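S.K.:
Residue numbers (the working numbering), protein chains in the order written: chain S, 1 to 453; chain U, 1001 to 1428.
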């Protein structure tokens, strides 16, 4: 861009003619000009996402290891997938996560806490509607001791009657599931307290070695990790569960939850879609991102200023993902907003999104992509997702190129193939006395009214 | 090369080459640390100016300058720096003000390094040329509004009273109020900006993936043209030791009583600064710590508690904060804490208890070097307090060198020294 700061001056040459001569800019003038506007962007550097080595132990537990020896630190996660639309199991997972700190069958909570503190690391238990996870971060020397603690707690947790009651008293579990669970969830006994027996049943069904994965990232060689994993988990065997399946009755497609006197209504519409391993899944992820937008999006334009909150979620899990659009609006606007959300989903099939919107969404993601891999904990989380979602080891290496290649037409084609306005499930939470009639007048089919607890 | 000797006795190394130099044209310090693990780079600028440098009649000016500078320099206001950086794929982007300094930072894709440098250079070079009275007043009003909101949060009044008692009036750490800033003219703000944010009073750290052959030239392209400006006027400050115990009661609309105890302790990196941090870990880090066991588990006096050594430039603050159970008198909690401190002042902790606390601290220390942004900030912190950035080995050694007797002696000092105690009396 140097020519922009060149200075043309008139000089009289020896022949008496006059012609313009380009004079090299002075360094000061050149610099002042440079500093007044942003620099040109250079070329993006290549990036290869880390991959893991895998091994399945004799008892079926998957081990994934990604070595990184720059710092003496190891992050890890032990993961068990949860069935996202089984509300009861998800709540059991949340309670189980609280109870791990209560110790194991043969070791009390204080001894467990002592052993974790001696490792100097952190051990956390977390759950959401897709997984139950134990995560940790330690110096390599402390890894064997920490894995031994994890194995002891996970293999034989102390789900005693007292501990289960105490954990629920300390802070009650959400009595009703999330909006997503209400939209898709089966299982209706959600407001009941959990018993120790139900937790033990959960443990037998969900926390089984062949359902789990141990992900280790950082300063540990694969051979060492394998040996440590075998020491900690090889003897872990769980008898097959005996017909302890939970209620899987599909919910009605259109439900209206009564919330007497509420001034606002929560609305969700959505459907189950393809699994993350399906070739079209990435296009649907981008479609959700475009619909959600940054600031103004097609959805926010459609909903105008009436929505207090707008969201688009594509929640992946190994068998199938869920696509959901949600809004919180003033109560009187609820019926019209249901129609608008429905129309927004239908429009995704009818019209291609603009290239500008798609480029902005892809660009922000691709540019920031390498930064997602900065910490061992983040890499363990990302590699864990591959297990939870059934994705190939090379997924992250291929992702930027796959994203680059997707066009607005691909998004529209994926929407046509996988979003079905007729199959959309709908949930509205609001004062039924105000909104039931206008909702029925929309002609979207029969609504089933349920009471909030 | 940074070497660490962990408490377990095994030496480990982490290779983070660090290089420093100063721009001749204006005195800007530059720290470079190359790491090509990922194609990202952190740009982190520390201005060695904070409330500690504020003239008494200009209290709050650092936060006002921060707000104005977040809007960008003369050429980078529209869109403002944060929006430009986010659009370019930046992560970990922000600015903070502590008692001792102000910083601006971003982690960007490696090919966007020049954008981040340009934004920081513009901010350092030309803020004063776009100052208007309206902008100054707007940001001052926003500060005051923000402080009003913060003032309504629990524990803020107690914390202010706490610092107010630890440090005498006129000391820069005495007041935490950012809304104390007076109405200032364009010329007054411009003059303070030119001094406090002069290149000679700043350090630029670049950590991550950059072109090692051309990086100095690139830095010079954006920062060399910034004129040399004098730094802040030196301000002689005397920190008066606490000779006695000061007790305060503050009423707050909370349901539970809080108890806050504090002592003045040695500054960052001085002898016993690390001892204080180890003591805080041993007393209150996690469910196995001494105070947790004594106050939460065994006697159920407290719901939660914490202890920390806040390491600062002039004098550090060692504090213990306890949230009591309903109906528990704060005097009862205070006695229980005193018993623990007196016990430690008589009998040193065991080697294994100390080793555990050391491992906890060293794990956190090492984890703080994972992100290039945190690493850049750490290099700047070492440089600010020690005068050189390559200090991880020295930092870790000051913990590993501590013996049980050092903790006993430090606990004895806490028992003997003057302190501040603030009871938060619940009014709900």
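For every residue, glycine included, the Cβ atom is placed at its ideal position computed from N, Cα and C.
Predicted model, so just to flag it, every value in this text is computed and none were measured.
Are the beta-carbon atoms of residue 1220 (chain U) and residue 1048 (chain U) separated by less than 9 angstroms?
M.R.: In this structure, residue 1048 (chain U) does not lie closer than 9 angstroms to residue 1220 (chain U) by Cβ.
S.K.: By DSSP, does residue 1268 (chain U) sit in helix, in strand, or in coil?
M.R.: Three-state result, residue 1268 (chain U): coil.
S.K.: Cutting at 6 angstroms between CB atoms, please list the residues of its own chain near residue 410 (chain S), excluding the five before and the five after it.
M.R.: Taken in chain order, the residues that qualify are 283.
S.K.: Does residue 266 (chain S) pass the burial test, meaning 16 or more other C-beta atoms within 10 Å, or should it be called exposed?
M.R.: It counts as buried.
S.K.: Quick one: using the 10 Å Cβ neighbour count with 16 as the cut-off for buried, is residue 445 (chain S) buried or exposed?
M.R.: So residue 445 (chain S) ends up on the exposed side.
S.K.: List the residues of chain U that residue 73 (chain S) touches, going by C-beta distances under 8 angstroms, in chain order.
M.R.: Simply 1363, 1366, 1367, 1370.
S.K.: At least one CB of chain S closer than 9 angstroms to the CB of residue 1153 (chain U): is that the case?
M.R.: Not an interface residue.
S.K.: Looking only at its own chain, which residues have a Cβ that is under 6 angstroms from the Cβ of residue 102 (chain S), when we skip the five neighbours before and after it?
M.R.: Within the same chain, residue 102 (chain S) has close Cβ partners 109, 158, 163.
S.K.: At a CB distance below 9 angstroms, what residues from the segment 37–66 of chain S approach chain U? Give them in sequence order.
M.R.: Listed by position along the chain: 37, 38, 39, 40, 41, 42, 43, 44, 45, 46, 47.
S.K.: Just the chain U side, please: which residues come within less than 7 angstroms of residue 375 (chain S) by C-beta, in chain order?
M.R.: What residue 375 (chain S) touches in chain U: 1370, 1371.
S.K.: Which chain S residues sit within Cβ distance under 8 angstroms of residue 1267 (chain U)?
M.R.: Result: empty, since nearest Cβ-Cβ is about 27 angstroms, beyond 8 angstroms.
S.K.: Which runs of the alpha helix (DSSP H), 4 residues or longer, sit entirely within the segment 1180–1235 of chain U?
M.R.: Listed in chain order, they are 1186–1196, 1215–1223.
S.K.: Using the beta-carbon of each residue, which ones in chain S are nearer than 8 angstroms to residue 1356 (chain U)?
M.R.: Chain S residues near residue 1356 (chain U): 117, 118, 120.
S.K.: What would DSSP say about residue 1245 (chain U), mapped onto helix, strand or coil?
M.R.: Residue 1245 (chain U) falls in the strand class under three-state DSSP.
S.K.: Which residues in the same chain have their Cβ closer than 6 angstroms to the Cβ of residue 1232 (chain U), if we skip the five residues on either side of it in sequence?
M.R.: Closer than 6 angstroms at the Cβ level, and outside the excluded window around residue 1232 (chain U), lie 1049, 1053, 1195, 1196.
S.K.: By how many angstroms is the C-alpha of residue 139 (chain S) removed from the C-alpha of residue 1365 (chain U)?
M.R.: Rounded to the nearest angstrom, the two C-alpha atoms are 11 angstroms apart.
S.K.: Note the first and the last residue of the continuous beta strand (DSSP E) segment covering residue 273 (chain S).
M.R.: Run containing residue 273 (chain S): 264–273, per the beta strand (DSSP E) assignment.
S.K.: Could you work out which residues of chain U lie near residue 35 (chain S), taking near to mean beta carbons separated by less than 8 angstroms?
M.R.: 1075, 1118, 1121, 1122, 1125, 1222, 1225, listed in chain order.
S.K.: Quick one: residues in its chain with C-beta nearer than 6 angstroms to the C-beta of residue 134 (chain S), no 5 flanking neighbours on either side, listed in chain order?
M.R.: Excluding positions up to five away in sequence, the list reads 78, 125, 150.
S.K.: Any C-beta of chain U sitting closer than 9 angstroms to the C-beta of residue 163 (chain S)?
M.R.: No, no contact with chain U.
S.K.: Assuming contact is defined by CB atoms lying nearer than 9 angstroms, are residue 271 (chain S) and residue 436 (chain S) in contact in what I supplied?
M.R.: No.
S.K.: My assumption, with CB atoms under 8 angstroms, is that residue 1414 (chain U) sits in contact with residue 1341 (chain U). Please give the rounded CB distance.
M.R.: Indeed they touch by this definition, with Cβ atoms about 6 angstroms apart.
S.K.: Against chain S, which members of the segment 1294–1313 of chain U pass a CB distance test of less than 7 angstroms?
M.R.: So the list is empty, because no residue satisfies the distance condition.
S.K.: Please name the residue, chosen from S:286, S:112, S:219, that lies closest to residue 359 (chain S) on a Cα-to-Cα basis.
M.R.: Closest by alpha carbon: S:286.
S.K.: Hey, out of U:1394, U:1404, U:1287, U:1324, whose CA is closest to residue 1300 (chain U)'s CA?
M.R.: Among U:1394, U:1404, U:1287, U:1324, the Cα nearest to that of residue 1300 (chain U) is on U:1324.
S.K.: Taking the C-alpha atoms as reference points, what is the distance between residue 1182 (chain U) and residue 1058 (chain U)?
M.R.: The alpha-carbon atoms of residue 1182 (chain U) and residue 1058 (chain U) are separated by roughly 7 angstroms.
S.K.: First and last residue of the alpha helix (DSSP H) that includes residue 206 (chain S)?
M.R.: Counting along the chain, the alpha helix (DSSP H) containing residue 206 (chain S) begins and ends at 196–206.
S.K.: Tell me the DSSP secondary structure of residue 447 (chain S) in three-state form.
M.R.: Three-state result, residue 447 (chain S): coil.
S.K.: Are there 16 or more other CB atoms within 10 angstroms of the CB of residue 1389 (chain U), so buried, or fewer, so exposed?
M.R.: Its Cβ being crowded by 16 or more others within 10 Å, residue 1389 (chain U) is buried.
S.K.: Quick check: does the Cβ of residue 1366 (chain U) come within less than 8 angstroms of any heavy atom belonging to the ligand ATP?
M.R.: Of ligands this structure carries none, so the ligand ATP is not represented either.
S.K.: Establish whether the CB of residue 289 (chain S) and some CB of chain U are separated by less than 9 angstroms.
M.R.: Taking Cβ atoms only, chain U never reaches closer than 9 angstroms to residue 289 (chain S), which makes this a no.
S.K.: Based on DSSP bridge pairs, tell me the residues matched to residue 1106 (chain U).
M.R.: The partner list for residue 1106 (chain U) (beta bridge, DSSP) reads U:1043.
S.K.: Nearest to residue 1278 (chain U) by CA position, among U:1318, U:1246, U:1244, U:1296, is which residue?
M.R.: The residue with the shortest Cα to Cα distance from residue 1278 (chain U) is U:1318.
S.K.: Nearest by alpha-carbon distance to residue 384 (chain S): which of S:40, S:341, S:64, S:47 is it?
M.R.: Ranking S:40, S:341, S:64, S:47 by Cα distance to residue 384 (chain S) puts S:64 first.
S.K.: At the 9 angstroms Cβ level, is residue 157 (chain S) part of the contact set with chain U, yes or no?
M.R.: Closer than 9 angstroms: no.
S.K.: Residue 21 (chain S): buried (16+ other C-beta within 10 angstroms of its C-beta) or exposed?
M.R.: Its pLDDT being 39, under 50, residue 21 (chain S) is placed unreliably by the model, and the measurement read from it follows with that caveat. Burial call: exposed.
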